[in-house]
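Asks: Residue numbers (full-length UniProt numbering): 1 to 338.
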């Protein structure tokens with residue numbers, strides 16, 4: 001009955017003042033500015049000849065008032081973080097941005113690249129807000145935040161940086177990292193905000209190959225398998241090894257299948273599985289100290305995670321690929337460039 005009464009008399013009841021009271025009661029006026037609660041009195045209209053501290057206070061209030069209602073407080077947190085360090089010119093740009101654009105979602109879509117930023121708002125403040133959104137908006141970053149052995153950041157608009165992140169192991173790739181690479185590039189392929197990917201390695205080396213200690217533990221666990229007569233179950237072990245190799249191959253295949261351009265930035269050693277990895281990317285850049293080695297043959301293994309399949313096409317000389325694969329020698333960056 002109460003709801004019906006309110007609906008029937010919605011044009012007579014003071015609903016708007018009621019909701020304004022509720023909103024203002026939910027809002028805690030900021031007191032952490034130089035002018036205290038100045039913004040409480042002056043947020044609605046921009047006073048003439050306001051001081052820079054007063055302007056910061058007013059803009060902080062306006063940002064919080066808008067950010068409280070939409071977009072996960074992005075405007076509010078941006079203002080809190082950056083207003084105190086903005087110059088007068090930057091404050092003017094920010095003032096025009098939040099008091100000219102009435103739709104908060106336009107600001108958000110500009111920041112994440114879903115809509116083109118109008119020419120009049122292409123400035124340093126919009127760039128800074130875009131970076132803030134990329135780094136704080138869960139919808140953009142959380143999907144890449146749970147990896148243990150790789151690190152994903154967004155250093156620029158529409159660019160993701162994937163880093164192999166086991167510097168203490170020279171970025172040797174263990175089974176978990178293979179899985180994370182596969183999941184990561186599958187997600188990147190579906191990420192509409194991403195337009196290109198750079199992959200590199202943290203620490204002193206790009207990649208030292210497969211973590212053979214980790215793989216040895218995996219194989220040792222299967223070596224103990226036996227049939228009812230106490231004999232080693234060779235068939236079960238072979239099936240397990242095949243399943244493992246397919247899993248590793250699919251990890252690098254996910255890079256090949258990724259619809260976004262993938263660029264490898266290589267420094268120092270790129271060994272074994274590292275060569276398999278870079279054979280799967282679209283573009284390769286290397287520092288002068290970089291070197292490459294198909295090291296598997298030195299351990300009695302085949303480079304069957306992509307190197308032998310892709311390198312002949314990339315190099316264009318099957319003889320050189322065979323020489324590298326049979327000798328396991330290091331190829332310096334200068335030779336690779338030629």
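Each residue gets a CB set at the ideal place from its N, CA and C atoms; glycine is no exception.
Taking DSSP's pairing of strands, which residues face residue 410 in a bridge?
Replies: No statement about residue 410 is possible, as the shown extent of the chain runs from 1 to 338 and does not include it.
Asks: Taking residue 95 as the reference, give the member of 109, 74, 168 and 60 with the closest Cα.
Replies: 60
Asks: To the nearest angstrom, report how far apart residue 128 and residue 53 are at their CA atoms.
Replies: 21 Å
Asks: Are residue 330 and residue 291 close, meaning C-beta to C-beta below 8 Å?
Replies: Yes. Within cutoff.
Asks: As an exercise, report each continuous alpha helix (DSSP H) stretch of at least 4 residues that is fully enclosed by the segment 175-209, in chain order.
Replies: 175-190
Asks: Applying the 10 Å Cβ sphere with the 16-neighbour rule, what's the burial state of residue 326?
Replies: exposed
Asks: Looking at chain D, is there any beta carbon in it that lies within less than 8 Å of the beta carbon of residue 266?
Replies: The question asks about chain D, but that chain is absent: this structure has only one protein chain.
Asks: Would you grab the beta carbon distance between residue 268 and residue 204 for me? Rounded to a whole angstrom, and I think it's under 8 Å.
Replies: 6 Å
Asks: Starting from residue 284, trace the beta strand (DSSP E) in both directions and tell me its first and last residue.
Replies: 283-286
Asks: Please go through the same chain and pick out, in chain order, the residues whose beta-carbon is closer than 7 Å to the beta-carbon of residue 210, but skip the five residues on each side of it.
Replies: 172, 173, 272 and 273
Asks: With DSSP run on the structure shown, which of helix, strand or coil describes residue 82?
Replies: It is helical.
Asks: From this set, 86, 338, 157 and 279, which residue's C-alpha is nearest residue 116's C-alpha?
Replies: 157
Asks: Just to confirm my understanding: we take residue 256, look at its own chain, exclude 5 residues before and 5 after, and list those with CB closer than 6 Å. What are they?
Replies: 280
Asks: Might you give, ordered along the chain, the residues of its own chain that have their beta carbon closer than 8 Å to the beta carbon of residue 101, omitting 5 neighbours on each side?
Replies: Hits under 8 Å: 107 and 121.
Asks: State the CB to CB distance for the pair residue 307 and residue 282, rounded to an integer number of angstroms; the pair is presumed to be in contact (CB under 8 Å).
Replies: Not confirmed; about 16 Å, so no contact.
Asks: Between residue 111 and residue 78, what straight-line distance do the alpha-carbon atoms span, to the nearest angstrom?
Replies: Roughly 12 Å between the two C-alpha positions.
Asks: Cα separation between residue 187 and residue 56?
Replies: Whole-angstrom Cα-Cα distance: 40 Å.
Asks: Might you give, ordered along the chain, the residues of its own chain that have their beta carbon closer than 6 Å to the beta carbon of residue 155, omitting 5 neighbours on each side?
Replies: Here the set comprises 161.
Asks: In or out: residue 303 buried (at least 16 other Cβ within 10 Å) or exposed?
Replies: buried
Asks: Return helix, strand or coil for residue 274, following the three-state DSSP convention.
Replies: In the structure shown, the three-state DSSP call for residue 274 is helix.
Asks: Can you check DSSP and say which residues form a bridge with residue 269?
Replies: Paired residue(s): 291.
Asks: Any idea if residue 180 is buried or exposed, counting beta-carbon neighbours within 10 angstroms, 16 or more meaning buried?
Replies: buried
Asks: Hey, would you say residue 278 sits closer than 8 Å to residue 270, going by beta carbons?
Replies: Yes, the pair counts as a contact, with Cβ atoms nearer than the cut-off.
Asks: Can you tell which of 258, 253 and 289 has the C-alpha that lies nearest to the C-alpha of residue 310?
Replies: 253
Asks: By Cβ distance below 7 Å, which residues in the same chain neighbour residue 328 in space, the five residues on each side in sequence not counted?
Replies: 293, 294, 295, 297 and 298
Asks: Taking residue 261 as the reference, which of 243, 191, 202 and 287 has the closest Cα?
Replies: 191
Asks: Where does residue 62 land, buried or exposed, given buried means 16+ other C-beta within 10 angstroms?
Replies: buried
Asks: Using a Cβ-Cβ cut-off of 6 Å (strictly less than) and excluding sequence neighbours within five positions of residue 317, which residues of its own chain qualify?
Replies: none
Asks: Leaving out five residues before and five after residue 249 in sequence, what residues of the same chain have Cβ atoms less than 8 Å from its Cβ?
Replies: So the qualifying residues of the chain are 304, 305 and 306.
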